[in-house]
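Read in numbering that gives the first Met the number 0, the sequence shown has 57 at position 58, and its numbers run on one by one without any break. Note sheet for the following structure.
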Amino acid sequence: MVLQAGTVALRYTQTALQVEYKGRNDPVTQADREINHLLVTGLRRAFPGDAVLAEESADDPGSRLGSPRLWCVDPLDGTREFTERIPEWCIMVGLAVEGRARLGIVYAPPLLMVGSPEDGAWQWLGTQWKRLRVSETQDPREAVVAVSRSHRSPKTDAILQALGVRREIRHGSVGMKVSLLALRKADLYIHPSGGTKEWDLCAPEALLHGAGGRMTDLWGRPFRYNKPDPRNPHGLIASNGHLHEAAVAAVRRVLGETL
0 MVLQAGTVAL
10 RYTQTALQVE
20 YKGRNDPVTQ
30 ADREINHLLV
40 TGLRRAFPGD
50 AVLAEESADD
60 PGSRLGSPRL
70 WCVDPLDGTR
80 EFTERIPEWC
90 IMVGLAVEGR
100 ARLGIVYAPP
110 LLMVGSPEDG
120 AWQWLGTQWK
130 RLRVSETQDP
140 REAVVAVSRS
150 HRSPKTDAIL
160 QALGVRREIR
170 HGSVGMKVSL
180 LALRKADLYI
190 HPSGGTKEWD
200 LCAPEALLHG
210 AGGRMTDLWG
220 RPFRYNKPDP
230 RNPHGLIASN
240 GHLHEAAVAA
250 VRRVLGETL
């Protein structure tokens, strides 16, 4: 199903796209909608007793809040990059059980990654699976930090300065920036503002936890899924685990104690 969605996405990279805007800096294309329909239809057919929350589907909290299992679907994370033909987008499907991220699939063709806190994180190499593990970097001054290609903010600069960070890697897509940690291409990612939703977070969180990393909001609190409002107003910190407390402390120094 996810592989099929990737085929659809790649087909659209060869055609002209009609870009609409759901809000400021929030583009959507026919590719988002077709992939969304494919994944949601497939999940509901395969798991009729589960709830589904998808970016391009109308949300009905009343029908999902009683379910212990929630599939979170982001048909194209990094739509802006997708429309600009920058290969920094991905398709994400995550499963939350009893409010916690338990399974994540992140697909940026041809890169396929699957992870869960219980079974680890894995990358498909075409003929076999490779185990993914986060880095062992413990000093923020030696860390490579993933930063946004299109949504850089002064808050980010202030937090990174407080940490003494000297090396950055720019990338699109929240899911792919988190995945860079599982791939050992980055050690830390801080998103200091609201704007993410549960479908942005569930799959990469499960993948990162499977790789031995950690992901919380800016104040170090764990994420909960299947809430009445799927928005996350408190940003995120994704790390290799070793750098997490230093990142939370830097956030508190820069942003204060307010929630």
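Even for Gly, the Cβ is constructed at its ideal location relative to N, Cα and C.
Exercise for the section: Return the Cβ separation of alanine 210 and alanine 185 in integer angstroms, given the expectation that the two are a contact with Cβ distance under 8 angstroms. Expected result: In fact, because the Cβ distance is near 12 angstroms, the residues do not count as touching under 8 angstroms.
Exercise for the section: Give the straight-line distance between the Cα atoms of glycine 219 and alanine 237, rounded to the nearest whole angstrom. Expected result: 10 angstroms
Exercise for the section: With DSSP as the reference, please indicate the residues paired to glutamine 3 in a beta bridge. Expected result: According to DSSP, glutamine 3 bridges with nothing at all.
Practice task
Please classify serine 62: does DSSP put it in a helix, a strand, or coil?
Solution key: helix
Exercise for the section: Run the CB neighbour count on threonine 195, radius 10 Å, all protein chains shown included, and call it buried at 16 or more, exposed below. Expected result: buried
Problem - Neighbourhood of leucine 242 by C-beta, 8 angstroms cutoff - its chain only, sequence neighbours within 5 removed - result: Thr136, Gln137, Pro139, Ala142, Asp186 and Leu187
Handout entry: Identity of the residues DSSP links to isoleucine 77 by a beta bridge
Key = For the record, residue 77 in the displayed sequence is glycine; it is not isoleucine. DSSP output for glycine 77 lists no bridge partner at all.
Problem - Same chain, Cβ closer than 7 angstroms to isoleucine 158, neighbours up to 5 away in sequence not counted - result: Ile189, Pro191, Ala249, Val250 and Val253
Practice task
Check aspartate 25 in the structure and name its three-state DSSP category.
Solution key: strand
Practice task
Indicate whether leucine 206 and serine 178 have their beta-carbon atoms separated by less than 8 angstroms.
Solution key: With contacts defined by Cβ atoms closer than 8 angstroms, leucine 206 and serine 178 form a contacting pair.
Exercise for the section: Leaving out five residues on either side along the sequence, give the residues of the same chain with a beta carbon under 8 angstroms from the beta carbon of serine 66. Expected result: Gly48, Asp49, Ala50 and Asn225
Handout entry: Nearest to cysteine 89 (by Cα), restricted to the options Leu162, Ala30 and Gln17
Key = Ala30
Exercise for the section: Find the nearest neighbour of leucine 38 within the set Ala145, Pro232 and Leu75, judged by alpha-carbon distance. Expected result: Leu75
Exercise for the section: Put glutamine 261 into one of helix, strand or coil per three-state DSSP. Expected result: One cannot answer for residue 261 here, as it falls past the ends of the chain, which runs 0 to 258.
Exercise for the section: Would you tell me roughly how many angstroms separate the C-alpha atoms of leucine 52 and aspartate 228, rounded to the nearest one? Expected result: 11 angstroms
Problem - Reduced DSSP category for asparagine 231 - H, G, I as helix; E, B as strand; rest coil - result: strand
Practice task
Evaluate contact between the stretch 121-133 and the stretch 146-153, counting only Cβ atoms and requiring at least three cross-stretch pairs below 8 angstroms.
Solution key: no
Exercise for the section: Would you mind giving the Cβ-Cβ distance between valine 173 and proline 203, rounded to the nearest angstrom? I have them listed as a contact below 8 angstroms. Expected result: 7 angstroms
Problem - Alpha-carbon spacing of histidine 170 relative to threonine 215, whole angstroms - result: 20 angstroms
Practice task
Give the DSSP-derived three-state secondary structure of histidine 190 in the structure shown.
Solution key: strand
Exercise for the section: Reducing DSSP to helix, strand and coil, say where alanine 107 ends up. Expected result: It is a strand residue.
Exercise for the section: Put serine 115 into one of helix, strand or coil per three-state DSSP. Expected result: The answer is strand: DSSP assigns serine 115 an E or B state.
Problem - Three-state secondary structure (DSSP) of lysine 176 - result: If DSSP states are grouped into helix, strand and coil, lysine 176 belongs with the helices.
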